[in-house]
Every structure is written in structure tokens, then in C-alpha cells.
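Oh and the sequence shown: position 22 is 22 in UniProt numbering, straight run, nothing missing.
In this text, a Cβ means the ideal position worked out from N, Cα and C, and glycines have one as well.
Every value quoted in this text rests on a predicted model; they were computed, and no experiment measured them.
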Amino acid sequence: IEIDGQLHSIRDNLLSFLQVARRKLGFVWFWIDALCIDQINVAQRTRQVQQMGLIFSSATEVIAWLG
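See below:
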């Protein structure tokens, strides 16, 4: 997929989610932890994981894909 003009590889289950969500929900903007958190940067990943409770509890809508 393309994010901010750069191509990123994603897993098949995430691609499936994005295709279904866009078709059925019409959404085009998503916060996806696997893409929005630098998975290689352990310090950033640790900080973000610690904030996930606040992120999800503050969200207007949360979608879980078991895919």
C-alpha cells in the first residue's frame, strides 16, 4: 500500500481488512498500529504500546479484525 507517497508491504490479512472496510464502511483513513508505529524502533514501540489503552478508549470508533 502507499502511505505518504511511500510503498509499504503489508500482510495478507491487513490487505483483506482494508479492502473490506473500504468497500463496506467507506472509510479511507485508519490508524493501524502495525503501520503507524515504527516496529523496528523498540523505544517508540514500547511507548506507543503503553499508550494504546488511552488511544483506544479515546477513539470514536474501534474496529477489531480477526481475519
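For L14, the uninterrupted alpha helix (DSSP H) run begins and ends at D12 to L25, by DSSP. DSSP links E2 through a beta bridge to L7.
Taking 8 Å as the cut-off, the Cβ atoms of W65 and F17 count as close. DSSP places A59 outside any alpha helix (DSSP H), giving it a letter other than H or E. The DSSP-derived three-state label of L35 is helix.
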